[in-house]
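Trainee: According to the numbering used here, the sequence shown is numbered sequentially starting from 170.
Beta carbons are placed, not taken as given, at the ideal position from N, Cα and C, and that holds for glycine.
Bear in mind the structure is a predicted one, so any value in this text is a computation, not a measurement.
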Amino acid sequence: MKIVSSNLLLDDETDPVIWRGPVIAGMVKQFWTDVVWDHVDYMFVDMPPGTGDVPLTVFQSIKLDGIIIVTSPQELVSMIVEKAVKMANKMNIKILGVVENMSYIKCPDCGKEINLFGASKVNDVAKDFNLKVLGKLPMDAEIAKAVDAGEVETLNAMNYLKDALQEIEK
Ligand SMILES: [Zn+2]
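Written out as structure tokens, the structure is:
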């Protein structure tokens, strides 16, 4: 998995990136134009939440197959999703679907799924905007641990997400 991130270019990785929108947008563009990617099967551009400079730049300057909207189960989600949907529609970008992150946690004792932030709303939101629900991802300390250790691909983290990922692949 090849990655590039502004953090990788800093002298000290704890330095904050204190740049205004246009500068960040320029950097994102350069990640697309100036990085030698060779052949990659899939390229993901992980974007900050909202409809600011970065998504605008990405939508305008990179030929996208589509976008995946990532939400969480809170109340404001439908408004935020609506903004993203409207932005994508205005710019003729295809929406591949919606993923609910932090959807639930699994009880370590009995395996019951607990909706930490209240009941999932992703199905309703998806229906409102005629979107496909690609999956609901749980919060899982094991995954967080693996990510922090830089071992997400070696640990069984992907097993935890297997069902969700299979759903996405469908
Ligand atoms: Zn339990």
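Between residue 235 and residue 203, what straight-line distance do the alpha-carbon atoms span, to the nearest angstrom?
Mentor: Distance between the alpha carbons of residue 235 and residue 203: 22 Å.
Trainee: Heavy atom of ligand 1 less than 7 Å from the Cβ of residue 278, yes or no?
Mentor: True, at least one ligand heavy atom lies under 7 Å from that Cβ.
Trainee: Check residue 193 in the structure and name its three-state DSSP category.
Mentor: DSSP places residue 193 in helix when its eight states are reduced to three.
Trainee: Are the region 264-282 and the region 298-317 touching by the rule of at least three beta carbon pairs closer than 8 Å?
Mentor: Yes: at least three Cβ pairs fall under 8 Å.
Trainee: Taking buried to mean at least 16 other C-beta atoms within 10 Å of its own C-beta, is residue 242 buried or exposed?
Mentor: Residue 242 is buried by the Cβ-count criterion.
Trainee: According to DSSP, which residues form a beta bridge with residue 249?
Mentor: Residue 249 is not bridged to any residue.
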